[in-house]
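Visitor:
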Amino acid sequence: MGATLSRRNRAGLGFAVVLGAAELAGPALPIPSFARSGPVAATIAFGTLLGAITMVSAVALLTTRSRTALRVVAASRLFSLLSAIPAFFRDVVPPGLVVVAALWVLLNLLAVELMVEPRQASTRPGRG
Numbered sequence: 154m155g156a157t158l159s160r161r162n163r164a165g166l167g168f169a170v171v172l173g174a175a176e177l178a179g180p181a182l183p184i185p186s187f188a189r190s191g192p193v194a195a196t197i198a199f200g201t202l203l204g205a206i207t208m209v210s211a212v213a214l215l216t217t218r219s220r221t222a223l224r225v226v227a228a229s230r231l232f233s234l235l236s237a238i239p240a241f242f243r244d245v246v247p248p249g250l251v252v253v254a255a256l257w258v259l260l261n262l263l264a265v266e267l268m269v270e271p272r273q274a275s276t277r278p279g280r281g
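Following our numbering, the residues of the sequence shown are numbered contiguously, the last one being 281.
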């Protein structure tokens with residue numbers, strides 16, 4: 154049985170696709186000098202993988218209406234959110250990037266919340 158997507162579910166999927174595309178662009182962005190190797194480079198590589206997973210799963214969701222694809226998109230966004238958390242605890246991260254990480258966390262949470270929100274039953278008389 155295929156997943157029927159409400160307007161909010163589609164909006165969340167749209168946010169997820171935009172965030173996934175942003176992660177695919179990660180390797181093309183300039184890397185600050187403090188982050189040229191080590192955990193930050195690995196995080197960028199992991200983010201690129203998550204972006205690809207998001208995009209492929211979103212296409213699968215739109216073509217097959219698979220609930221599994223919806224769950225994979227949501228999970229990839231949650232893992233992406235988790236990869237931003239270390240920015241809040243490292244002293245070498247500039248304050249501007251901490252703000253970007255906070256926005257990243259909030260936007261991913263918003264996308265996942267909208268995607269997994271169940272359809273509401275219609276409250277109009279005569280509608281199921």
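By construction, the Cβ of each residue, glycine as well, lies at the ideal position given by its N, Cα and C atoms.
Values in this document were obtained by computation on a predicted structure and should not be read as measured data.
Please tell me whether residue 265 and residue 207 are closer than 8 Å, where the distance is taken between their beta carbons.
Guide: No, these two residues do not count as a Cβ contact at 8 Å.
Visitor: Going by C-alpha distance, which of 246, 238 and 271 is nearest residue 255?
Guide: The candidate whose alpha carbon is nearest that of residue 255 is 238.
Visitor: For the alpha helix (DSSP H) that residue 222 lies in, which residues bound it at each end?
Guide: Residue 222 -> alpha helix (DSSP H) spans 220-237.
Visitor: Mapping DSSP to helix, strand and coil, what is residue 177?
Guide: Helix, per DSSP.
Visitor: If you count every other CB in all the chains shown that lies within 10 Å of the CB of residue 235, and 16 or more means buried, which is it?
Guide: Burial call: exposed.
Visitor: Could you check whether the stretch 218-225 touches the stretch 243-251, counting it as contact only if at least three pairs of C-beta atoms, one from each stretch, sit closer than 8 Å?
Guide: No contact exists between the stretch 218-225 and the stretch 243-251.
Visitor: Measuring straight from C-alpha to C-alpha, what distance separates residue 182 and residue 218?
Guide: If you take the alpha carbons of residue 182 and residue 218, they lie about 33 Å apart.
Visitor: Closer than 7 Å by C-beta to residue 199: which residues in its own chain qualify, once you throw out the five before and the five after it? Chain order, please.
Guide: Excluding positions up to five away in sequence, the list reads 236.
Visitor: Is the beta carbon of residue 215 closer than 8 Å to that of residue 176?
Guide: Not a contact, by the Cβ cut-off of 8 Å.
Visitor: Measuring alpha carbon to alpha carbon, tell me which of 192, 271, 231 and 242 ends up nearest residue 168.
Guide: Checking every option, the nearest Cα to that of residue 168 belongs to 231.
Visitor: Between 184, 192 and 240, which has its C-alpha nearest residue 257's C-alpha?
Guide: Measuring from the Cα of residue 257, the nearest candidate turns out to be 240.
Visitor: Please go through the same chain and pick out, in chain order, the residues whose beta-carbon is closer than 6 Å to the beta-carbon of residue 165, but skip the five residues on each side of it.
Guide: Counting only Cβ-Cβ distances below 6 Å, and skipping sequence neighbours, we find 264, 267 and 268.
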